[in-house]
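Trainee:
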Amino acid sequence: REGKVTSVYRRRWVIHIDRLQKEKVNGQSVNVGIPASKVAITKLKIDKDRKAALERKGKKESGKKVAESEVPAQ
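First residue of the sequence shown: 1, per full-length UniProt numbering; consecutive thereafter.
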């Protein structure tokens, strides 16, 4: 099943996806919560602010790693 994420319920650790609903006994339709660990992201919607944040984070983490060639042999 595929669809867009409509809401994220962080307290219960579930994601609500459009077109994934069930009908209650009284006829009302409600969203079905899917555990976030069971979901695979296929396409990300990245705006300019999110892209800048990811670049900052990547730059910070790349400075911490040390290559094997830089470590002195013992």
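Backbone N, C-alpha and C fix where the C-beta goes; we use that ideal spot for every residue, glycine too.
Kindly list the residues whose CB is nearer than 8 Å to the CB of residue 22, restricted to its own chain and excluding five residues on each side of it in sequence; keep chain order.
Mentor: Within the same chain, and ignoring the five residues on either side of residue 22 in sequence, the residues whose Cβ sits closer than 8 Å to its Cβ are 29, 30 and 32.
Trainee: Leaving out the 5 sequence neighbours to the left and right, which residues in its chain are closer than 7 Å to residue 3 when beta-carbon positions are compared?
Mentor: The residues are 17, 18, 19 and 20.
Trainee: Just grab the DSSP bridge partners of residue 29 for me.
Mentor: Among the bridge pairs identified by DSSP, residue 29 is matched with 23.
Trainee: When DSSP labels each residue in this structure, what does residue 47 get in the three-state scheme?
Mentor: coil
Trainee: Report all residues from its chain with a CB closer than 8 Å to the CB of residue 24; omit the five preceding and five following residues, and keep chain order.
Mentor: 30
Trainee: What separation, rounded to the nearest whole angstrom, lies between the Cα atoms of residue 60 and residue 51?
Mentor: 14 Å
Trainee: Please name the residue or residues paired with residue 39 in a DSSP beta bridge.
Mentor: According to DSSP, residue 39 bridges with nothing at all.
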